[in-house]
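Chemist:
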Amino acid sequence: MVNQEVIVINKLGLHARPAALFVQTANKFASDIMIEKGTKKINAKSIMGVMSLGVGKGEKIVIQVDGPDESEALSALVHLVEVTLADM
1 MVNQEVIVIN
11 KLGLHARPAA
21 LFVQTANKFA
31 SDIMIEKGTK
41 KINAKSIMGV
51 MSLGVGKGEK
61 IVIQVDGPDE
71 SEALSALVHL
81 VEVTLADM
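Here UniProt numbering is used: position 73 in the sequence shown is 73, and no number is missing along the way.
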């Protein structure tokens with residue numbers, strides 16, 4: 001299992017479009033992927049779960065990945081949050 005803390009820098013947080021892109025990316029991997037925000041932990045492959053977190057700009061999340069492609073999945077999702085979604 002691997003995990004990494006990430007600060008969401010998208011000006012609107014993980015709202016509809018960024019959340020959908022995050023879920024699409026997570027679903028490309030076989031590993032189990034979870035997101036933690038505070039005391040709440042959700043399945044990152046569920047759009048309803050990701051939206052229910054209500055992650056805003058500047059908030060910290062922890063991406064946790066467990067499975068056969070965990071390193072690749074974590075790297076892709078961290079890059080997505082820190083780089084790709086930053087410009088949306």
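The beta carbon of each residue, even a glycine, is placed where N, CA and C say it ideally should be.
If you run the structure through DSSP and keep just helix, strand and coil, what is Ile42?
Modeler: strand
Chemist: What are the residues that DSSP puts in a beta bridge with Lys60?
Modeler: Per DSSP, the beta-bridge partners of Lys60 are Ile7.
Chemist: For Ser31, which option in Gly58, Asp66 and Lys45 has the closest C-alpha, if you only look at C-alpha atoms?
Modeler: Asp66
Chemist: For the putative contact between Leu74 and Leu14, defined by C-beta atoms under 8 Å, what is the C-beta separation to the nearest angstrom?
Modeler: Actually they do not touch by this definition, with Cβ atoms about 17 Å apart.
Chemist: Tell me the DSSP secondary structure of Asp87 in three-state form.
Modeler: The DSSP-derived three-state label of Asp87 is helix.
Chemist: Just to confirm my understanding: we take Asn27, look at its own chain, exclude 5 residues before and 5 after, and list those with CB closer than 8 Å. What are they?
Modeler: Lys45
Chemist: On the three-state DSSP scale, how would you describe Met51?
Modeler: helix
Chemist: What do you get for Gln24, buried or exposed, if any count of 16 or more other CB atoms within 10 angstroms of its CB means buried?
Modeler: exposed
Chemist: Are the Cβ atoms of Leu85 and Asn3 separated by less than 7 Å?
Modeler: No, these two residues do not count as a Cβ contact at 7 Å.
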